[in-house]
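Respectively, the protein sequence lines represent chains A and B. Under the working numbering, the first residue of the first sequence is numbered 1, with each subsequent residue one higher. Under the working numbering, the first residue of the second sequence is numbered 1, with each subsequent residue one higher.
Protein chains: 2
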Amino acid sequence: MVKHHLSDLRGCFADTAAYEAALAQDDPLVYTVASVTPADGDGDLHCGVGLIRPGKIGGEYFMTRGHLHSWRAAAEFYIGLSGEGVMLLEEEATGESRLVELRPNSVVYVPGHTAHRTINVGRTPLTYLGVYPAKAGHDYAAIAKNNFRCVAVERNGKPEMIERNDLLASKGT
Amino acid sequence: MVKHHLSDLRGCFADTAAYEAALAQDDPLVYTVASVTPADGDGDLHCGVGLIRPGKIGGEYFMTRGHLHSWRAAAEFYIGLSGEGVMLLEEEATGESRLVELRPNSVVYVPGHTAHRTINVGRTPLTYLGVYPAKAGHDYAAIAKNNFRCVAVERNGKPEMIERNDLLASKGT
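Shown next as structure tokens:
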């Protein structure tokens, strides 16, 4: 199982001052991913079991770093197990973004060529599965460089997608 | 959604006399599969949502017809949602068979080149997801011709895998 603490998420949250202030206090576990990788051939599949703890940094919810697949055509099915989540999907070529609910016993389809980040918008741990082609591979570098164009923030008690730049402007940074 | 009634399962249950007797009384719905097929390219995935009702015919539990993938190398992840199930897996080349539990929030990996059948061993509906490469395809013909080598029957209140021929011998057929 891979554990991701707050210190592993530098550059993910829009509000860097809030991030550094939180990190100065504590370095909590934000999420874990356990991978199930039975075989690596063509036609094989892998599965990841994710858990994201509840929390917020500067108005943004606790979330994964997010990734593209190294094999860009590779899709992924996410299946909610418990808790309340959303997924932020961003088409690589166009930047077109959408926020999709991830709930227990329901699926979210992430098409190929789409950056995806999983976000816990509830007050309990969010757990989920992701099933993807064994040959997909994970590309974290593109996200580390450009992050996502949009962020999920709470508005009137519900998650809403807004432009990262609009969030920064509203904070006067 | 595709509905499979008892009359669609001719040839699946070992005890053909029990099957015909049950069918003469009623033709109940045994299982349904709803497919989620967002795209069909390389790297894309499809998903099936299955529901198998509880029941038995001649000592065997209600089950799916079972299939191999047309693209034999294609694997599949099954995810239990509710109820108590098992999966019967039979390697095509060797006939090697095993029975694996399918429970809520847990996964079963079906490797390529492996015939697989889902079986409801509980008293409530069994629901589950199957995620597979979009290009997998379903081959039902091989199963229709040879069926599975083994069957799942209840022994001391638990599902147990035995040779089909042993079940037939025990019934004197």
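Glycine is no exception: its CB is placed at the ideal position from the N, C-alpha and C atoms.
Quiz item: For Glu163 of chain A, which option in A:Thr32, A:Ala14, A:Lys145, A:Ala136 has the closest C-alpha, if you only look at C-alpha atoms?
Solution: Checked all of A:Thr32, A:Ala14, A:Lys145, A:Ala136; the closest Cα to Glu163 of chain A is A:Ala14.
Self-check item: CB contact check: Val131 of chain B to chain A, cutoff 8 Å
Solution: Residue-level contact check: Val131 of chain B touches chain A, since one or more beta carbons of chain A fall below 8 Å from its beta carbon.
Quiz item: Where does the unbroken beta strand (DSSP E) through Ser170 of chain A begin, and where does it stop?
Solution: Judged by DSSP secondary structure, Ser170 of chain A falls outside any beta strand (DSSP E) and instead within the alpha helix (DSSP H) spanning 164-170.
Exercise. Tell me whether Asn120 of chain B sits in a helix, a strand or coil according to DSSP, three-state version.
Key: Correct three-state label for Asn120 of chain B: strand.
Practice problem: Report buried or exposed for Thr37 of chain B, applying the criterion of at least 16 other Cβ atoms within 10 angstroms of its Cβ. | Solution: Answer is exposed; the Cβ neighbour count stays below 16.
Quiz item: How is the beta strand (DSSP E) around Glu76 of chain A delimited, first residue to last?
Solution: Its beta strand (DSSP E) spans residues 76-82.
Quiz prompt | Residues sharing a beta bridge with Arg155 of chain B, DSSP | solution = For Arg155 of chain B, DSSP records a beta bridge to B:Lys158.
Practice problem: Could you run through the stretch 103-133 of chain A and flag, in chain order, every residue whose CB is less than 7 Å away from some CB of chain B? | Solution: Of all residues in the stretch 103-133 of chain A, Asn105, Val107, Tyr109, Pro111, Gly112, Leu129, Val131, Pro133 have a Cβ within less than 7 Å of some Cβ in chain B.
Quiz item: Does the beta carbon of Ile176 of chain B sit closer than 8 Å to a beta carbon anywhere in chain A?
Solution: Nothing in the structure corresponds to residue 176 of chain B, since chain B is present only between 1 and 173.
Quiz item: Rounded C-beta distance between Leu102 of chain A and Thr118 of chain A? I'm assuming under 8 Å.
Solution: About 7 Å separates the Cβ atoms of Leu102 of chain A and Thr118 of chain A, confirming a contact at the 8 Å cut-off.
Practice problem: Give the DSSP bridge partners of Cys12 of chain A, in chain order. | Solution: Residue pairing by DSSP places Cys12 of chain A in no beta bridge whatsoever.
Practice problem: Under the assumption that Met63 of chain A contacts Cys12 of chain A (Cβ atoms under 8 Å), give the Cβ distance between them as a whole number of angstroms. | Solution: So it is a contact: roughly 7 Å between Cβ atoms.
Self-check item: Minimum length 3: unbroken beta strand (DSSP E) runs contained in the stretch 26-83 of chain B
Solution: DSSP runs (the beta strand (DSSP E)) wholly in the stretch 26-83 of chain B: 29-36, 45-52, 76-82.
Quiz prompt | For Arg10 of chain A and Thr16 of chain A, the rounded distance between their alpha carbons | solution = Their Cα atoms are separated by approximately 8 Å.
Self-check item: Integer Cβ distance of Val49 of chain B from Ala34 of chain B, believed to fall under 8 Å
Solution: Their Cβ separation, rounded to whole angstroms, is 5 Å, which keeps Val49 of chain B and Ala34 of chain B in contact under 8 Å.
Self-check item: Supposed close pair Ala22 of chain B, Ile57 of chain B - CB separation, criterion 8 Å
Solution: Between Ala22 of chain B and Ile57 of chain B a beta carbon distance of about 6 Å is seen, short of the 8 Å cut, so the two are scored as contacting.
Quiz item: So, are the CB atoms of Asn120 of chain A and Tyr78 of chain A less than 8 Å apart?
Solution: No, the pair does not count as a contact, with Cβ atoms beyond the cut-off.
Quiz prompt | Test: Cys12 of chain A CB closer than 8 Å to a CB of chain B | solution = Answer no: the Cβ-Cβ gap between Cys12 of chain A and chain B never drops below 8 Å.
Quiz item: Along chain D, which residues have their Cβ under 7 Å away from the Cβ of Gly43 of chain B?
Solution: Absent from the structure: chain D. Protein chains present are A and B.
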